[in-house]
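Numbering (our numbering), first residue to last: 15 to 89. We put the beta carbon where it would ideally sit given N, CA and C, even for glycine. Note that this is a predicted model, so its numbers are computed, not measured. Scroll down for the structure; my scribbles are underneath it.
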């Protein structure tokens, strides 16, 4: 079961790291004058956590399959 827990934790850390690069944090309006509006913190944190949890679940599934493979090799 440690494989699943580690997979979830590593996936969450990786997801937050990737989310920092992919989740938009500002909106640029191009017109006569270029205007940059930064999102509120809650508008940035919620999609960031969503990406982190999704990648964490993928990591947990990978950890589960590694656990199953390791369990079969010991038997």
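Cut-off 7 Å between Cβ atoms - residues of its own chain near residue i, not counting five sequence neighbours on either side
| i | result |
| --- | --- |
| residue 70 | 22, 25, 26 and 29 |
| residue 33 | 62, 65 and 66 |
For residue i, the nearest candidate out of the options (CA to CA)
| i | options | result |
| --- | --- | --- |
| residue 56 | 64, 49 and 73 | 64 |
| residue 35 | 72, 62 and 52 | 62 |
6 Å Cβ shell around residue i - same chain, five flanking residues per side excluded
| i | result |
| --- | --- |
| residue 17 | 77, 80 and 81 |
| residue 42 | 50 |
Counted within 10 angstroms of its Cβ, other Cβ atoms place residue i as buried (16 or more) or exposed
| i | result |
| --- | --- |
| residue 44 | exposed |
Those residues which DSSP pairs with residue i across a bridge
| i | result |
| --- | --- |
| residue 84 | BP columns for residue 84 are empty, so no partner. |
Contained beta strand (DSSP E) runs [length at least 3] in the region 36-67, N- to C-terminal order
With a minimum length of 3 residues, the unbroken runs of beta strand (DSSP E) contained wholly in the region 36-67 fall at 40-43 and 49-52.
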